[in-house]
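Asks: Just so it is clear: in the sequence shown, position 75 is 75 by this note's numbering, and no numbers are missing. Even glycine gets a Cβ: it sits at the ideal position worked out from N, Cα and C. Note that this is a predicted model, so its numbers are computed, not measured. Starting off with a structure, shown below.
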Amino acid sequence: PDGVVIGVDGAPEAPFVATRDITGGTTAAASDITKAVTDFTSSTTPGAGGAENPVRAKQRLNVFTASSYDNLRSDISRGHGEYLVSMAMLAGVPSANFPEFQSRMQDSYSTMFDEVLPVSESTRHMVDIAWAAGYGRAR
Numbered sequence: 001p002d003g004v005v006i007g008v009d010g011a012p013e014a015p016f017v018a019t020r021d022i023t024g025g026t027t028a029a030a031s032d033i034t035k036a037v038t039d040f041t042s043s044t045t046p047g048a049g050g051a052e053n054p055v056r057a058k059q060r061l062n063v064f065t066a067s068s069y070d071n072l073r074s075d076i077s078r079g080h081g082e083y084l085v086s087m088a089m090l091a092g093v094p095s096a097n098f099p100e101f102q103s104r105m106q107d108s109y110s111t112m113f114d115e116v117l118p119v120s121e122s123t124r125h126m127v128d129i130a131w132a133a134g135y136g137r138a139r
């Protein structure tokens, strides 16, 4: 056939080139996802605490909140859930204060998720409330 490159084994080479092109794109996307997951998991590792580096802890909280927005919204509406617990941990909320934190987040739902707010503003509200309950609280 005209215009078809035949590989060494007699099979057309085009599918392999296309697969290579797709795999390259998939690898880049997977790398982006893996980096976000790695940042999150390293931030939840004991001893990587934010008390020593509050700027880094707040960055991790921001990344987690933005990437888990829909799941957090669902957990906050119920007043509990694994994403809300993870947020509390990243913000440095003492575990004894989790129930109070979860209630406070649920009570703030209508202001955090006001329909006129852009997602970025809603995310900032979540981070601010969580941070104030954790590492950002007055000592």
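Do you know how far the Cα of Y83 is from the Cα of A132?
Replies: By 1-based counting over the sequence shown, the position of residue 132 is 132. By 1-based counting over the sequence shown, the position of residue 83 is 83. Rounded to whole angstroms, A132 to Y83 spans 18 Å at the Cα level.
Asks: Cα separation between T111 and S95?
Replies: Locating residue 111 in the sequence shown gives position 111, where the first residue counts as 1. Locating residue 95 in the sequence shown gives position 95, where the first residue counts as 1. Spanning the two alpha carbons is a distance of roughly 25 Å.
Asks: What is the rounded straight-line gap between the Cα of T19 and the Cα of S67?
Replies: Within the sequence shown, residue 19 is the residue found at index 19, counting from 1. Within the sequence shown, residue 67 is the residue found at index 67, counting from 1. Low per-residue confidence applies at T19: pLDDT is 46, beneath 50, and the placement is therefore not dependable enough to give any value.
Asks: Mapping the DSSP letters down to three states, classify G134 as helix, strand or coil.
Replies: For the purposes of this step, residue 134 is taken as the residue at position 134 of the sequence shown. Three-state result, G134: coil.
Asks: What is the DSSP secondary structure of F113, reduced to helix, strand or coil?
Replies: Locating residue 113 in the sequence shown gives position 113, where the first residue counts as 1. It is coil, neither helix nor strand.
Asks: Taking the alpha carbon of Q102 as the reference point, which residue from M87, E115, F113, V116 has its own alpha carbon closest?
Replies: Taking the sequence shown and counting its residues from 1, the one referred to as residue 102 is at position 102. With distances taken between Cα atoms, Q102 lies closest to M87.
Asks: Distance, Cα to Cα, F113 vs E52?
Replies: Translated into the one-based positions of the sequence shown, residue 113 becomes position 113. Translated into the one-based positions of the sequence shown, residue 52 becomes position 52. Answer to the nearest angstrom: the Cα atoms are 31 Å apart.
Asks: Considering only the alpha carbon of each residue, which of S122, T65, P118 lies closest to A91?
Replies: If you number the sequence shown from 1, residue 91 lands on position 91. The residue with the shortest Cα to Cα distance from A91 is T65.
Asks: Using DSSP with H/G/I as helix, E/B as strand and the rest coil, what is V172?
Replies: Residue 172 is absent from the model: the chain starts at 1 and stops at 139.
Asks: Using 10 angstroms around the beta-carbon of D75, count the other beta-carbons present and answer buried if the total reaches 16, otherwise exposed.
Replies: The count along the sequence shown starts at 1 and reaches residue 75 at position 75. Buried, since its Cβ has 16 or more Cβ neighbours within 10 Å.
Asks: If you follow the alpha helix (DSSP H) that E52 is part of, which residue opens it and which one closes it?
Replies: Position 52 of the sequence shown, counted from the start, is the residue given in the question as residue 52. Element bounds for E52: n/a, residue is neither H nor E.
Asks: Can you tell me the Cα-Cα spacing of R56 and D128, whole angstroms?
Replies: Translated into the one-based positions of the sequence shown, residue 56 becomes position 56. Translated into the one-based positions of the sequence shown, residue 128 becomes position 128. Answer to the nearest angstrom: the Cα atoms are 15 Å apart.
Asks: Considering only C-alpha positions, which residue in the set G134, R124, R78 is nearest to N62?
Replies: Numbered from its first residue, the sequence shown carries residue 62 at position 62. Among G134, R124, R78, the Cα nearest to that of N62 is on R124.
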